[in-house]
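Novice: Under the numbering used here, read the sequence shown as residues 51 to 423, first letter to last. Backbone N, C-alpha and C define an ideal beta-carbon position, used for all residues, glycine too.
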Amino acid sequence: MASLAFPTIAKKATLSDGSTYGYAAVTPASPQKPTFLLLHGYPSSSYDWRHQIASLSAAGFGVIAPDLLGYGDTDAPEDVPSYRMKRMTGHMSELLDHEGVSRCIAVGHDWGSGLLSRLATYIPDRLLGVIFLSVGYLEPQLVWDIEFLIEYANQAVGYDIYGYWLWHGTEQAIEDCDKNPASVFNLLYPADPADWKVHFAPRGAAANYVSSGRTDPLPSWFNLAEYTQRDRIIAMKGHRGPLNWYKAGMAGINLPDEAGMSEEERRCNVPTLLVVSEYDYITRADMQSANTIKWTPDLRVEKLECGHWIQLEKPDELQRLFERFAGELVVKEEEKGKGKGKGKGKVGQSEEERSDAFDARHLAAAGAEIVAN
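(1) Are there 16 or more other CB atoms within 10 angstroms of the CB of E438, so buried, or fewer, so exposed?
(2) Can you list, in chain order, the residues of its chain with a C-beta nearer than 6 Å to that of R264? Leave out the 5 residues immediately preceding and following it.
(3) Please look up how many angstroms separate the CB atoms of Y187 and C318, rounded, as I've assumed it's under 8 Å.
(4) Rounded to whole angstroms, what is the Cα-Cα separation between D266 and N236?
(5) Given this structure, state the Cα-to-Cα distance separating D242 from G310, to the nearest angstrom.
(6) Does the beta-carbon distance from C154 to P81 come in below 8 Å?
(7) With DSSP run on the structure shown, which of helix, strand or coil describes R280?
(8) Out of curiosity, what's the CA-to-CA distance linking F56 and A206?
(9) Starting from the N-terminal side, write out each stretch of the alpha helix (DSSP H) that is 4 residues or longer and does not extend beyond the region 113-188.
(10) Would you give the residue range spanned by the alpha helix (DSSP H) that Y202 belongs to?
(11) Let me confirm a value: T278 is counted as buried when at least 16 other C-beta atoms fall within 10 Å, else exposed. Which label applies?
(12) Starting from the C-beta of I343, find all residues in its chain whose C-beta is less than 8 Å away, skip the five residues before and the five after it, and write them out in chain order.
(13) Name the DSSP beta bridge partners of V325, please?
(14) Count the other CB atoms, across all protein chains shown, that sit within 10 Å of the CB of K287; report buried if there are 16 or more and exposed otherwise.
(15) Going by DSSP in three states, F250 sits in which element: helix, strand or coil?
(16) Tell me the rounded alpha-carbon separation between Y296 and A285.
(17) With DSSP collapsed to three states, give me the class of T85.
(18) Report back the beta-carbon spacing between L87 and I114 to the nearest angstrom; my notes put them in contact at under 8 Å.
(19) Using a Cβ cut-off of 8 Å (strictly closer), state whether A79 contacts chain D.
(20) Counting only runs of 4+ residues fully inside the region 297-321, write out the alpha helix (DSSP H) ranges in chain order.
(21) I'd like to know whether the C-beta atoms of L216 and R176 end up nearer to each other than 8 Å.
(22) By a C-beta neighbour count over all protein chains shown, 10 Å radius and 16 as the cutoff for buried, is N273 buried or exposed?
(23) Buried or exposed: D281, going by 16 or more other Cβ atoms within 10 Å of its Cβ?
(24) Could you check what DSSP says for K62 in three-state terms: helix, strand or coil?
(25) Return the chain-ordered list of same chain residues with a C-beta closer than 7 Å to the C-beta of S143, the five sequence neighbours on each side being excluded.
(26) From the DSSP secondary-structure annotation, give me the bridge partner or partners of T346.
Structure below.
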């Protein structure tokens, strides 16, 4: 929840369809510094980007970190069709408009990577580049046949990866998660990433863990103050909205929007960085890399020694990758812009748009430090 986690840089915007989004925003320091659009996953919020908001803003980059639909300061519709990817892509485009950002570097983690994939499909002209964390590019027209995927994973890697989806699609999951939020946290943010192979991924395991009210020690990269803040944020909206992302995928609500796309239209034709992790036992590095390579012609893949929560476990290493990728994109844009004047070669914002950048960057860093301690 941006207003709790980052009160000095929190904003709200009401969009053309009446949806209200909460988000954190920092203006870039110069036209050469692009803005990062940070899209969180499940079960998260803009708060899980606290390290990146601080480090990116301190380095002069712009930041827009929304609470996505169902989370934090943003609306949480109860109906599943509201979570169509094309609809939410339109929301992200409007947020960029609200902040005066013509093009950005968009970053997605977990379900945020699913939304990021559709940004690359529907609004590639708004993207300088894309960065996928943990979950790679998901091409249009995917059919989430969970029983098939469970069998496929068992044959491919020797254990069940997708069994938890069956529970996530039930009303019982919403009830159990709202009743035992501490169990949800310990299950999703484990101290030992290998716990996912036993307690999360297999059919029935996640339901048993959460419904029992089990808790375990916090991971070293998530302290008690951070846990308390996150718990307050998630409690504001509960788990129906977050779990609707899964229900939407399984219900195939995106397929009508994606029908008839050619193979070329299904590709991610935007410069892409995929960051995977060695110890992610559900969104596995090998599987995410293989599929992203298939659909993404301009791709670099990096692997870090951590679990699923790359932005929390390895923030310094991730920042270096972000800055390197951004630098490469700026060079490309400058080369495009030579002799063309203003237009697509423009990376940042005007002097007027940057008028409060210095104060905003320092407020962002200070705000992130406050909520983390």
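Specialist: If we stick to the structure as given:
(1) This structure does not reach residue 438, given that the chain is present from 51 up to 423, and the question cannot be answered.
(2) S233
(3) 5 Å
(4) 6 Å
(5) 43 Å
(6) no
(7) helix
(8) 43 Å
(9) 135-148, 161-172
(10) 196-207
(11) exposed
(12) L349, V351
(13) L183, E352
(14) buried
(15) helix
(16) 19 Å
(17) strand
(18) 5 Å
(19) The structure shown has no chain D; it contains just one protein chain.
(20) 305-308
(21) no
(22) exposed
(23) exposed
(24) strand
(25) I173, R176
(26) Its beta-bridge partners do not exist; DSSP assigns none.
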